[in-house]
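Participant:
Protein chains: 2
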Amino acid sequence: MDNYENSLDSVFHALADPTRRAVIERLSQKASTISELAEPFNMALPSFMKHIGVLEKSGLIDSKKVGRVRTCEIKPEALSATQTWLDEQRALWEGRTDRLAEYVENLTKEEQSK
Amino acid sequence: MDNYENSLDSVFHALADPTRRAVIERLSQKASTISELAEPFNMALPSFMKHIGVLEKSGLIDSKKVGRVRTCEIKPEALSATQTWLDEQRALWEGRTDRLAEYVENLTKEEQSK
DNA sequence: TCTATAGTTAGCTATATGGATAACTATGAA
DNA sequence: TTCATAGTTATCCATATAGCTAACTATAGA
């Protein structure tokens, strides 16, 4: 199994592309075949397949081929790793004693930039 | 302001690098100068500065220079965008009627791969 | 058995990324 | 006013990424 850091690298990288996020959005709703997933994209199939490969290597999706049809499904556990990391950062930030002062300062800046 | 999709692209991309995540972890605890942030990394300063640039363009951090010292601080709002997206995917997945069956299937697979 | 369907494999290209060094600017301190 | 500190700018390089086309394999259906 990959270590936690490597997995964060590959999961965040996989999510940094709109095509791949759209695939995840589809697969969050239902398992789908390669053709079904590729259909909305104006992209050659081998190009699309690279995105599927990136998602699969990151652990965000899983796929199996039955006959000539490959079906993909999401693996929600992989999303959890990123959520955990993000929650940790937020917890650190929220635990800071200087948080309120900073937050007010940010609000002031936003107000000024309007 | 960039649109939501572009911002997800750049925020996820920014987080897909261990150096940049380490910077975020530090800044979640306290605002710090460039030198302080760069110190733990065995990397030339201009290389490190590129990471700071990526984080700043993504909106994850902010910086201002006073005298010759540049101080960076985290902007936790930018983390929220990714958390929102991830929560949405999880909600979709959790709302599925076939969820339980899939979950059991995954558990079975994990069991087999032990 | 022929043919269409559903992917796959093998290359090619342009651009982006993550690193480096060298040389520079600007500021604080002695 | 000289010197060290803290970044910055300009260039360069190797590798990774995201796209393409062409040609292929394997299977379902007529």
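For the protein sequence lines, the chains are A and B, in the order given. Note that the numbering used here has the first sequence beginning at 385, numbered continuously upward. Note that the numbering used here has the second sequence beginning at 385, numbered continuously upward. Think of the CB as a built atom: it goes at the ideal place given N, C-alpha and C, for glycine as much as any other residue.
1) Between the C-alpha atoms of B/G451 and B/T417, what's the straight-line distance to the nearest angstrom?
2) Per DSSP, what kind of secondary structure is A/T481 in: helix, strand or coil?
3) What residue from B/G479, B/W477, B/Q467 has the CA that sits closest to A/L399's CA?
4) Under a Cβ-count criterion, where at least 16 other Cβ atoms within 10 Å of its own Cβ denotes burial, should A/Q413 be classed as buried or exposed?
5) For B/L463 and chain A, any beta-carbon pair shorter than 8 Å?
6) Answer yes or no: does any C-beta atom of chain B fall closer than 8 Å to that of A/E423?
7) Can you pull the DSSP bridge partners for B/T417?
8) If distances are taken between C-alpha atoms only, which option among A/I408, A/D482, A/S394, A/T403 comes closest to B/A475?
9) Is the shortest distance between the beta-carbon of A/P402 and the beta-carbons of chain B less than 8 Å?
10) Among the residues of its own chain, which have a CB less than 7 Å from the CB of B/A415, if the five just before and after it don't count?
11) In whole angstroms, give me the CA-to-CA distance for B/M385 and B/S447.
12) Counting C-beta neighbours from all protein chains within 10 Å, is the total for A/K441 16 or more, i.e. buried, or is it exposed?
13) B/L421 to A/A422, Cα distance in whole Å?
14) Check distances from the C-beta atoms of the stretch 430 to 462 of chain A to those of chain B and list, in chain order, the residues that come in under 9 Å.
15) Which residues in the same chain have their Cβ closer than 7 Å to the Cβ of A/F432, if we skip the five residues on either side of it in sequence?
16) Using 8 Å for Cβ pairs, my map puts A/G443 next to A/K459. What's the rounded Cβ distance?
17) Apply the 10 Å Cβ neighbour rule to A/L463 and answer buried if 16 or more other Cβ atoms are within range, or exposed otherwise.
18) Going along chain A, which residues have a C-beta under 7 Å from B/T466?
19) Can you list the residues of chain B that A/E409 reaches, using a CB-CB cut of under 7 Å?
20) Check whether the Cβ of A/S412 lies closer than 8 Å to any Cβ atom in chain B.
21) Can you check whether the CB of A/R405 is closer than 8 Å to the CB of B/L429?
22) Ends of the beta strand (DSSP E) at A/D401?
23) Who are the Cβ neighbours of A/A465 in its own chain at under 8 Å, not counting the five residues just before and after it?
Facilitator: So, from the data block:
1) Taking the CA atoms as reference points, B/G451 sits about 12 Å from B/T417.
2) Correct three-state label for A/T481: coil.
3) The candidate whose alpha carbon is nearest that of A/L399 is B/Q467.
4) That one is exposed.
5) Chain A contact via Cβ: present.
6) Chain B places no beta carbon closer than 8 Å to that of A/E423, leaving this residue out of the contacts.
7) According to DSSP, B/T417 bridges with B/T455.
8) Of the candidates A/I408, A/D482, A/S394, A/T403, the one whose C-alpha sits nearest the C-alpha of B/A475 is A/I408.
9) It does: the Cβ of A/P402 has a partner Cβ on chain B nearer than 8 Å.
10) When the five nearest sequence neighbours on each side are left out, the beta carbons in the same chain lying within less than 7 Å of the beta carbon of B/A415 are those of T455, C456, E457, in order along the chain.
11) Unreliable positioning characterises B/M385 in this predicted model, as indicated by a pLDDT of 47, which lies under 50. The coordinate reading is nonetheless provided below. Taking the straight line from one Cα to the other gives about 18 Å.
12) With fewer than 16 Cβ atoms within 10 Å of its Cβ, A/K441 is classed as exposed.
13) The alpha-carbon atoms of B/L421 and A/A422 are separated by roughly 42 Å.
14) Here the close residues are D446, E457, I458, K459, P460, E461.
15) Within the same chain, A/F432 has close Cβ partners A422, F425.
16) Cβ-Cβ separation between A/G443 and A/K459: approximately 6 Å, consistent with a contact (criterion under 8 Å).
17) Residue burial annotation: A/L463 is buried, with at least 16 other C-beta atoms found within 10 angstroms of its C-beta.
18) Those within 7 Å of B/T466 in chain A are L470.
19) Neighbours of A/E409 on chain B, chain order: Q473.
20) It does: the Cβ of A/S412 has a partner Cβ on chain B nearer than 8 Å.
21) Against a cut-off of 8 Å, the Cβ pair of A/R405 and B/L429 comes out as no contact.
22) Neither: A/D401 is in no beta strand (DSSP E) and is coded neither H nor E.
23) Contacts found: Y388, S391, L392, V395.
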